[in-house]
Structure formats: C-alpha cells, structure tokens
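In the working numbering, the protein residues as written are 23 to 204.
This report concerns only the one structure given below.
Structure (structure tokens):
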C-alpha cells in the first residue's frame, strides 16, 4: 500500500488530478472507487473533500440522459489541479492514475464477475470466483475457505474490486510481488 494522504488540500488536489486525467464525467461511485482503491485516501476523507470541491466550484454536477448525477472538473478546478499538483508525490499520482484507468477500462469492457460459495461437510466452504470478458472466462479460481467470516470478506472484496483481485493474482503468478512469496 502507498503512503496515505492526510492533508485535506493534498486529497482535494489528488481527486482533481485523477478526475482531470480521466477526461470525462463520472458518477460518484466511480470517482470514489478510483480515489480510494489504492489506499492513498480513505472513504471518509474522500467524501468530505469531494463535497468541499463541489461547494467551492472546483467540481460541477450534471445529469446524464437517465437522470444519473455525473461530476466533472470545472475550469477553476483545472487551474487548481495544474498549479498545485507539484505538491503531490509523482509516484503516487501516476500509480493511482494507472489504477484508475485500469478500473474504468474493466468496467467499460463489461466484464462480468461471478462469485459463489458452497458449504462443505467439515464446516469449511468452497469459493468459486470467475471473471468473464466477451464470453471468455479470463479467470477462474476455486478456494477452500475455513470459516464464514473469511468467506464473507473474500466475497465482498471480489465483488467490490475484482480488477484488484485479478491484478493481484497476475502479479503473484508472474513473480512481480516476490515479497509475498518470501
């Protein structure tokens, strides 16, 4: 996990930076996902700072044809982002933007996720998780899980962040995260 931003101004600049570089309006859920997914900002700080960005006119709200609220960086917000972004660590910004683009791409591709559990006679569970893209199963995983609490956490994490689970398995299998293996 990267270092977490604590200062409100840094968090606001971080939000503006990601939104500006995505380049198109997003709903609240997607903005939340891209901002908090790498652990740089927690949900509560995000929600508070995002509301302040709207209040101060750095982010504007609009509606799409279905009445869903979408948010964009205003000209003022672009100015703030451009002039103050040097205060953020370059590595945090770039890694988080890369993660954000990957998450949004995952959602745009219409990736489907499936996650089912099966209780076993010994009190454990089998958890089946898969990701399907364009009718092709790109990941299929079955795990034996010892208890219901662990199972519920795994199901929740897979449902909320399947792209991170996929990325993690790919990193482990390709040896890009040797620290987990040692």
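Glycine included, every Cβ here is placed at the ideal spot set by N, Cα and C.
Check	Outcome
Comparing alpha-carbon positions, which option in 46, 31, 28 lies nearest residue 123?	46
Find the nearest neighbour of residue 156 within the set 135, 104, 32, judged by alpha-carbon distance.	135
Give me the Cα-Cα distance between residue 83 and residue 146, rounded to the nearest whole angstrom.	47 Å
Residue 94 and residue 81 - do their beta-carbons sit closer together than 8 Å?	yes
If you drop the 5 nearest sequence neighbours on each side, which residues of the same chain put their C-beta closer than 8 Å to that of residue 191?	161, 163
Beta strand (DSSP E) containing residue 152: first to last residue?	147–155
Are the CB atoms of residue 68 and residue 58 within a distance shorter than 8 Å?	yes
Whose C-alpha, out of 125, 174, 178, 184, is nearest the C-alpha of residue 52?	125
Residue 62 and residue 98 look like a contact to me (Cβ under 8 Å); what is the Cβ gap, rounded to whole Å?	Actually they do not touch by this definition, with Cβ atoms about 23 Å apart.
Apart from the five residues just before and just after residue 167, which ones in its own chain have a Cβ nearer than 8 Å to its Cβ?	139, 146, 147, 148, 149, 173, 176
Taking the alpha helix (DSSP H) that residue 103 falls in, what are its first and last residues?	97–106
Look at the Cβ atom of residue 90, then the Cβ atom of residue 49, and state whether they are nearer than 8 Å.	yes
Under 8 Å, do residue 74 and residue 34 count as touching if we go by C-beta distance?	yes
Could you give the distance in angstroms between the alpha-carbon of residue 29 and the alpha-carbon of residue 44?	23 Å
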